[in-house]
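Residue numbers (the working numbering): 12 to 312.
C-beta: ideal position from N, C-alpha, C; glycine also.
In structure tokens form, the structure reads like this:
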């Protein structure tokens, strides 16, 4: 599946998916895929490889040079920062050569607006589109891949054009910033700092999981500067794991102290996170902040 301006997530490492912003690793992956596809000898399904010119008027979106044409006017709501959106798209160089598309895929591509998960120009434009719209968009290089480009795929300083259909938008539930701990009840852990969120309602009546239980949680992970590196809310799918299993140590200590439906905000030092392991988007020795909600115990040990 070609999602070249998209985020990858790695679901195998320690049981937690890691969303990665566009990095050198992403560029390497795209180049490797490009080389692999060039070596294929089997006939590929035919589809247009040149952009179709439209007679629609170009509309200048802002002073940074973003432009768009309305090919179909949508009737839905316009999404805002933090919403989870779904799009179908085809990307072209200025020459008209297609370099990426997901239109043949069964499912559209989903991402969270305003969290750096796609190129900046795409993020800005989708926040202007009513759901159901199809736009042709023109994005300057500094809001795409810039001077670096992607070797063999996208030239340096290339303007990019996409035909984009916004198929869906809904609130993701991801906070716009790291929640303030004022008024929260502190949970006592010697290994890390943690607070129970929404304590005014008192402790929940649900059960707490035990070692070996399988649980369902939603989580958001931030760097201390507020950058999100991963979130199950962004995918819209809870994360399931076995307490005591292959997740970061902080999860295994925290979750047994929560009751079903409770939510906590924790600051995990490196030894409760990924330690000295360096991952794309998470440097070695990182302190990480997690919001974790225990949804339910799926299976008792």
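One alpha carbon belongs to residue 231, the other to residue 250, and they sit about 11 Å apart. The segment 131-140 makes no contact with the segment 225-245: fewer than 3 CB pairs, one atom from each, lie closer than 8 Å. Between residue 74 and residue 150, the alpha-carbon positions lie close to 12 Å from each other. Beyond the five residues adjoining it in sequence on each side, residue 97 comes within less than 6 Å, by CB distance, of 119, 121, 178 and 179 in the same chain, given in chain order.
Here residue 88 is exposed: its Cβ has fewer than 16 other Cβ atoms, across all protein chains shown, within 10 Å. Distance from the CA atom of residue 196 to the CA atom of residue 295, rounded to whole angstroms, is 30 Å. Counting only runs of 4 or more residues that sit fully inside the segment 210-248, the alpha helix (DSSP H) segments are 243-246, in chain order. Counting along the chain, residue 172 sits inside the beta strand (DSSP E) bounded by residues 171-182. Residue pairing from DSSP places residue 304 in a beta bridge opposite 229 and 274.
Judged by DSSP in its simplified three-state form, residue 202 adopts coil rather than helix or strand. Look at residue 134 here: in three-state DSSP terms it is helix. Residues 92, 93 and 134 of the same chain have their beta carbon placed closer than 7 Å to that of residue 125, with the five preceding and five following residues left out of the count. Within 10 angstroms of the beta-carbon of residue 287 lie fewer than 16 other beta-carbons, which makes it exposed. Burial is judged here by how many other beta carbons sit within 10 angstroms of a residue's own beta carbon; residue 107 has fewer than 16 and is exposed. When secondary structure is reduced to three states using DSSP, residue 115 falls in the coil class, being assigned neither helix nor strand.
Spanning the alpha carbons of residue 123 and residue 95 requires a straight line of approximately 5 Å.
When the beta-carbon positions are compared, residue 221 and residue 291 stay at least 8 Å from each other. Straight-line measurement puts the Cα of residue 302 at about 9 Å from the Cα of residue 278.
Under the 10 Å beta carbon count, residue 191 is surrounded by fewer than 16 other beta carbons and is classified as exposed. The shortest C-alpha to C-alpha distance from residue 153 to any of 143, 147, 165 and 145 is the one to 165.
Per the C-alpha coordinates, the member of 269, 169 and 100 positioned closest to residue 146 is 100.
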